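Working notes for the structure below.
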Amino acid sequence: MTMAQIQSAPTETRHAPAPAVFELIEVEQVFAVPKPGRGLLSRDTVGLRALDGVRLTVRQGASIALVGESGSGKSTLLRVLLGLDAPSGGRALYRGKPIREARAHGTAFARDVAMVYQDARGSLDPRMTVGQLIAEPLRHFGIVPKSGEAARVAELIDRVGLPRDAANRYPSGLSGGQVRRVAIARALASEPSVLVADEAVSGLDVSTQAQLLTLLQGLQRDMGLTLVFITHDLGVASYLCEEIAIMYLGRIVETGPTDAVLEAPAHPYSAALRAAAPQFFEPIPEPLPGEIPSPLDLPKGCRFSSRCPAARDDCRLRDPQLGALDAGRAVACLHPLTSKGAQTPEIR
Ligand SMILES: Nc1ncnc2c1ncn2[C@@H]1O[C@H](COP(=O)(O)OP(=O)(O)OP(=O)(O)O)[C@@H](O)[C@H]1O
Ligand code: SF4
Ligand SMILES: [Mg+2]
1 MTMAQIQSAP
11 TETRHAPAPA
21 VFELIEVEQV
31 FAVPKPGRGL
41 LSRDTVGLRA
51 LDGVRLTVRQ
61 GASIALVGES
71 GSGKSTLLRV
81 LLGLDAPSGG
91 RALYRGKPIR
101 EARAHGTAFA
111 RDVAMVYQDA
121 RGSLDPRMTV
131 GQLIAEPLRH
141 FGIVPKSGEA
151 ARVAELIDRV
161 GLPRDAANRY
171 PSGLSGGQVR
181 RVAIARALAS
191 EPSVLVADEA
201 VSGLDVSTQA
211 QLLTLLQGLQ
221 RDMGLTLVFI
231 THDLGVASYL
241 CEEIAIMYLG
251 RIVETGPTDA
261 VLEAPAHPYS
271 AALRAAAPQF
281 FEPIPEPLPG
291 EIPSPLDLPK
301 GCRFSSRCPA
311 ARDDCRLRDP
321 QLGALDAGRA
331 VACLHPLTSK
341 GAQTPEIR
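First residue of the sequence shown? That's 1 in UniProt numbering, and the numbers climb one at a time after it.
Right under this line is the structure:
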């Protein structure tokens, strides 16, 4: 069953779909940046559209990978999902309520939606032991009485595969993989139902990465976690996530079941990513052929037209929006690569 669906995609399940945890409806994020050629402190600004009409539904129990080149808007999207930034346009909902409101009221949102940061070492206070670091969120959210704290810390240390004696060590005495495990244990301490991660396994050797992926997969299965996972690596996306959303210059250009999308990409950008990473578990080399346009000066029509090998004349005039393809897939392309073709995507 497709768990994360673009709203416009047809629902082919016989059962009611799982409730939506997150819904992004035409979400925009525009940053004011100095006009090109002006100094950083210049008041003469222009709007940089880091997110441009993003539509995404993440359903309970889904695992969805956000994939795209540097600058495509993945972290900006994550900050909106976490309620750290309010979108400048559109609606961003958590269980039907505006995310910012949910975050502002009480601790329920912060308990339920846990984050694993890319810079795991930087997110840990080097003066605290692993035990103290894991106990901190337990205490903050009042998860267990003081008397049960040590036992719960030991359980979490065990659950993420750290050695028993790790509780007394400091982050400086841990390997890169162990530091990520501490970050995951801290995230799990609040007993969340949603885990959001930004490049949580990048920059590690292949075997450490594989061990962490196995851990995350086990956690997702055993705890029924909803997983939103940013990665540059299609292998990571394919291993861990049932669904994939491919981003290009602030927009989701293709989404659907990961295996189906990677086997037969419908968007020429997805196909280019796939071709650039023939071996899974290797980061996508950057940049792809052709220069990525400045987000301050997007091409007319389709934003991928300046790099697209399949571009035709109409692509430089019309801006395709996500449209349903088949089997829970959606694509923003006027001339998709799969034979079935998109159902006339909306045009802006
Ligand atoms: N606070 C900000 N102010 C101005 N521009 C920003 C800000 N945050 C992000 N941007 C711009 O928004 C665009 C998207 O950035 P974002 O960090 O979301 O990309 P990303 O996909 O996470 O990239 P990476 O893979 O390098 O982490 C980029 O052009 C970036 O320069
Ligand atoms: S709309 Fe045209 S330019 Fe854009 S991705 Fe599709 S074929 Fe390429
Ligand atoms: Mg990022």
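In this text, a Cβ means the ideal position worked out from N, Cα and C, and glycines have one as well. None of these values were measured; they are calculated from a predicted model.
| Check | Outcome |
| --- | --- |
| Please state the DSSP three-state secondary structure of Thr11. | The predicted position of Thr11 is uncertain, since its pLDDT is 46 and thus under 50; no value can be drawn from it. |
| Scan the region 199-274 and note each continuous beta strand (DSSP E) run of 3 residues or more that stays entirely inside, going in chain order. | 226-231, 243-248, 251-257 |
| So which of Gly173, Pro137, Arg329, Arg91 has the shortest CA-CA distance to Pro257? | Arg329 |
| Go through the region 47-126 residue by residue and report every complete run of the beta strand (DSSP E) that reaches 3 residues or more, in order. | 63-67, 89-94, 113-116 |
| How big is the Cα-Cα spacing for Leu188 and Gly122? | 18 angstroms |
| At what residues does the beta strand (DSSP E) containing Gln29 begin and finish? | 20-34 |
| From which residue to which residue does the alpha helix (DSSP H) around residue 419 run? | Any property of residue 419 remains undetermined from this structure, which presents the chain solely from 1 to 348. |
| List the residues that DSSP assigns as beta-bridge partners of Ser129. | Inspection of the sequence shows that residue 129 is occupied by Thr rather than by Ser. Answer by DSSP bridge pairing: none, since Thr129 is not bridged. |
| Using DSSP with H/G/I as helix, E/B as strand and the rest coil, what is Ala330? | strand |
| Within the continuous alpha helix (DSSP H) that includes Arg181, where are the two ends? | 176-189 |
| When you compare the CB positions of Ser27 and Ala92, do they come within less than 8 angstroms of one another, or not? | As written in the sequence, residue 27 is Val, which differs from the Ser given in the question. Against a cut-off of 8 angstroms, the Cβ pair of Ala92 and Val27 comes out as a contact. |
| Ordered along the chain, which non-local residues of its own chain (more than five positions away) have a Cβ less than 8 angstroms from that of Arg274? | Leu234, Leu262, Pro265 |
| Please classify residue 352: is it buried, with 16 or more other beta-carbons within 10 angstroms of its beta-carbon, or exposed? | The structure shown does not extend to residue 352, since the chain is modelled only from 1 to 348, so the question has no answer here. |
| When the Cα atoms are used, what is the spatial distance from Glu291 to Arg307? | 7 angstroms |
| Less than 8 angstroms between the CB atoms is what I'm expecting for Val21 and Tyr94, so what's the real figure, rounded? | 7 angstroms |
| Between Lys74 and ligand 3, is the CB less than 7 angstroms from at least one heavy atom? | yes |
| Using 8 angstroms for Cβ pairs, my map puts Val194 next to Leu213. What's the rounded Cβ distance? | 18 angstroms between Cβ atoms; not a contact. |
| Closest to Leu337 by CA distance: which of Gly323, Asp313, His267 is it? | His267 |
| What did DSSP end up calling Leu322 once you bin it into helix, strand or coil? | coil |
| In the structure shown, what three-state DSSP assignment does Leu298 receive? | coil |
| Going by CA-CA distance only, name the one from Glu243, Thr107, Val130, Asp165 that's closest to Pro192. | Thr107 |
| Once you ignore the five residues that flank Leu156 on each side, which residues in its own chain have a CB closer than 7 angstroms to its CB? | Ile134, Ala185, Leu188, Ala189 |
| Using a threshold of 7 angstroms, is the CB atom of Asp119 nearer than that to any non-hydrogen atom of ligand 3? | no |
| Can you tell me whether Ala9 is buried or exposed, with buried defined as 16 or more other CB within 10 angstroms of its CB? | At Ala9 the pLDDT is 43, less than 50, meaning the model places this residue with poor confidence and gives no usable figure here. |
| Quick one: what's got a C-beta closer than 6 angstroms to Thr76's C-beta in the same chain, skipping five residues either side? | Gln29, Ala50, Leu51 |
| Return yes when the C-beta of Asp198 is under 7 angstroms from any heavy atom of ligand 3, and no when it is not. | yes |
| Suppose contacts are defined by Cβ-Cβ distances below 8 angstroms. Is Gly250 in contact with Pro295 by that definition? | yes |
| If we count the other Cβ atoms within 10 Å of its Cβ and call it buried at 16 or more, is Thr255 buried or exposed? | buried |
| Leaving out five residues before and five after Gly83 in sequence, what residues of the same chain have Cβ atoms less than 6 angstroms from its Cβ? | Ile99, Arg100, Arg103 |
| Determine the closest residue to Leu227 out of Thr45, Ser207, Ile64, Gly37, with distance taken between C-alpha atoms. | Ile64 |
| For Ala277, name the three-state secondary structure that DSSP assigns. | coil |
| Run through DSSP, which three-state label would Leu138 get? | helix |
| Within the same chain, show all residues whose beta-carbon is closer than 7 angstroms to that of Asp198, passing over the 5 residues directly before and after it, in chain order. | Ser75, Leu78, Tyr117, Gln118, Ile230 |
| Please confirm whether Val179 and Ala114 have their CB atoms less than 8 angstroms apart. | no |
| Check each candidate in Gly176, Arg111, Arg55 and name the one with the smallest Cα separation from Glu23. | Arg55 |
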